[in-house]
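All remarks here apply to the structure that follows.
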Amino acid sequence: MKDPMQPENWPAWATESVEIAPANPNWDAQAQDEIGQLKRLLEQFNIHQFEHIGSTSIPGLPAKPIIDLMAEVQSWDDMDLIADQLNPLGWNYVPPELDGREYRRFWVRVKDGKRAVHLHLMRPGEERWDRQIRFRDVLRKRPDLVEAYAVLKTKLADENKEDRESYTAAKTQFILQVLDEGV
-14 MKDPMQPENW PAWATESVEI APANPNWDAQ AQDEIGQLKR LLEQFNIHQF EHIGSTSIPG
46 LPAKPIIDLM AEVQSWDDMD LIADQLNPLG WNYVPPELDG REYRRFWVRV KDGKRAVHLH
106 LMRPGEERWD RQIRFRDVLR KRPDLVEAYA VLKTKLADEN KEDRESYTAA KTQFILQVLD
166 EGV
């Protein structure tokens, strides 16, 4: 019997290559549409605070064309009930043992067989919540950093086209420098 934890058993979207698209001025509107839908679907779980994060939240920045959203959840206990709301709409839960990030619960919305939206659920007080917002807000104020990040992302996407995790890890030093520098 095949082990479902092995990559060869994963859906295509789970291992799709890293593709950077030119900045799209519609990304924020897409994010707001997704947030509106998620607020209605998840209000019964006391999930009200949402943020558009990641590269698609920074005007002028090329990015993987995947909208990253972050929302605050009070407890991990409702993931099965949340799945009942999200699964019919193309959302897929990536359990922590596959995601490798205990600080969040991760959902991927798939459209046309590709990742379209990520939802990062985090509990109140999670340090990474503040870091995500701080990084986004610094870049929104600093066109010079947006330009430098665009160059880095394009280079790293070329070098790590078939390895999303390595692509993400290779950006860490730049992100930490931006967070240290602040504005």
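So the sequence shown is residues -14 to 168, counted in my numbering.
For glycine and all other residues, C-beta sits at the position ideal for the given N, C-alpha and C.
CB contact flag (residue i, residue j, <8 Å)
| i | j | result |
| --- | --- | --- |
| Glu87 | Pro80 | no |
| Ala155 | Asn145 | yes |
| Ala172 | Ile5 | Only positions -14 to 168 of the chain appear in this structure, which leaves residue 172 out of reach. |
| Pro44 | Ala14 | no |
| Ala56 | Phe35 | yes |
| Arg100 | Leu164 | no |
| Ser42 | Arg127 | no |
| Gln70 | Leu26 | yes |
| Leu161 | Val102 | no |
Residue i Cβ short of 7 Å to the ligand NAP heavy atom set
| i | result |
| --- | --- |
| Leu161 | Among the components of this structure there are no ligands whatsoever, and the ligand NAP is therefore not found. |
Whole-angstrom distance between residue j and residue i, CA atom to CA atom
| i | j | result |
| --- | --- | --- |
| Val93 | Trp114 | 18 Å |
| Arg119 | Pro73 | 33 Å |
| Lys24 | His105 | 14 Å |
| Asn31 | Asp97 | 30 Å |
| Asp63 | Ser40 | 29 Å |
| Gly85 | Leu46 | 27 Å |
| Asp136 | Gln29 | The amino acid at residue 136 is misidentified as Asp; the sequence shows Val. The straight-line gap from Cα to Cα measures roughly 42 Å. |
| Asp65 | Phe159 | 36 Å |
| Trp61 | Phe91 | 11 Å |
DSSP state of residue i mapped onto helix, strand, coil
| i | result |
| --- | --- |
| Glu82 | helix |
| Asp143 | helix |
| Asn72 | helix |
Beta-ladder partner(s) of residue i, from DSSP
| i | result |
| --- | --- |
| Glu36 | Met55 |
| Val102 | Ile52 and Arg94 |
| Ala6 | Ala48 |
| Met64 | Bridge partners of Met64: none, in fact. |
| Phe77 | The sequence as given places Asn at residue 77; Phe does not occur at that position. Bridge partners of Asn77: Val93. |
Cutoff 6 Å; reference residue i; Cβ partners in own chain excluding five residues on either side
| i | result |
| --- | --- |
| Ala16 | His37 and Ile52 |
| Glu111 | Tyr88 |
| Pro50 | Ala6 |
Close beta carbons around residue i, own chain, < 7 Å, minus the five adjacent residues each side
| i | result |
| --- | --- |
| Thr157 | none |
| Tyr152 | Val3, Leu141, Ala142 and Asn145 |
| Glu1 | Lys99 and Arg100 |
| Gly75 | Arg94, Val95 and Lys96 |
| Arg149 | Val3 |
Own chain, CB closer than 8 Å to residue i, minus 5 neighbours either side, in chain order
| i | result |
| --- | --- |
| Pro10 | Pro44 |
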